[in-house]
Amino acid sequence: MKGMLQGSYKNYSLQNLCKRVILMHEDLTEFVMLCIIALCFSITSVECERSFSTQNRIKNKCRGSLKPENLDTLIFIAMTKCDISSFNPQKSVQLRLSKKKSRKGRLVQDFKTRAKRVCSQTERQDC
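In my numbering, the protein residues as written are 44 to 170.
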């Protein structure tokens, strides 16, 4: 194995080596499995570092109490970099309206003026 890697595949990049092993050497089942795993993982930590920087921008002193689910969603949105000009908010607005009614809407809806209370002479001392 070592001779094969140092000889025939010496000038191959890791990605090309893994692809070649997967396609040409089916008899090396464990090595093929390792190559498949190696193709799935990122070799560098650049993406990980970028996500931590994004998290630090999102979760600051003012937003210290974000739930983990909300933080994950905000990081995902920031990392995917959706173009705002092509975003259609209609689906998001409908989803928001269907899931949770806003407090302001309930307050406006449920607001009723109180009837004036008429106190008797003895109750006025308690009022």
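Cβ coordinates follow ideal geometry from the N, Cα and C atoms, glycine included.
Just to confirm the assignment, what range does the alpha helix (DSSP H) spanning residue i have?
{"i": "residue 113", "result": "111-123"}
Please classify residue i: does DSSP put it in a helix, a strand, or coil?
{"i": "residue 97", "result": "helix"}
{"i": "residue 130", "result": "coil"}
{"i": "residue 74", "result": "helix"}
{"i": "residue 59", "result": "helix"}
{"i": "residue 159", "result": "coil"}
{"i": "residue 69", "result": "coil"}
{"i": "residue 88", "result": "coil"}
Take the Cβ of residue i as the centre, count every other Cβ of all protein chains shown within 10 Å, and call the residue buried at 16 or more, exposed below.
{"i": "residue 91", "result": "exposed"}
{"i": "residue 89", "result": "exposed"}
{"i": "residue 61", "result": "buried"}
Would you kindly check if the distance between the Cβ of residue j and the Cβ of residue i is under 8 Å?
{"i": "residue 80", "j": "residue 65", "result": "no"}
{"i": "residue 58", "j": "residue 77", "result": "no"}
{"i": "residue 118", "j": "residue 97", "result": "yes"}
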